[in-house]
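J.:
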Amino acid sequence: MEKTLRGIAQYARKNYLSYWIILGIDTVVSVLCSLVAYAVIHYIAHVPMSDRVLCLLVGVSLA
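One rule links them: number in the working numbering = place in the sequence shown (from 1) + 28.
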C-alpha cells in the first residue's frame with residue numbers, strides 16, 4: 029500500500045508540476061502581451077493612459 033502511494037505521489041509530482049510551470053509561463057507571457065498591446069494602441073491613438081484602465085486590463089488578463 030505504501031509503495032503504491034509513493035508511486036502515485038511520484039507520478040503526480042513528475043507530471044503535474046511541469047503543467048503548473050507551463051501554465052505560469054503562459055500567464056506571464058499573455059499579461060505582458062496585453063500590456064504591450066495596451067501601450068501601443070494608446071500611443072497610436074494619442075489617448076492618455078489611465079491607471080484605472082491599466083489595472084482593469086491586468087485583472088482581465090489574469091482572469
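Every residue, glycine too, gets a C-beta built ideally from N, C-alpha and C.
#1: Measuring only the C-alpha atoms, how far is Ser46 from Met77?
#2: Could you check how far apart the C-beta atoms of Tyr71 and Leu82 are, in whole angstroms? I think they sit under 8 Å.
#3: Taking Cβ positions only, does Arg80 come closer than 8 Å to chain C?
#4: Rounded to the nearest angstrom, how far is the Cβ of Leu90 from that of Val59, given a contact under 8 Å?
#5: I need the DSSP call for Ser46, collapsed to helix, strand or coil.
#6: Start and end of the alpha helix (DSSP H) containing Val88?
T.: Concretely, from the data shown:
#1: 37 Å
#2: Contact doesn't hold; Cβ gap of about 13 Å is too wide.
#3: In the structure shown, chain C cannot be found, because there is only a single protein chain.
#4: 6 Å
#5: helix
#6: Asp79 to Leu90
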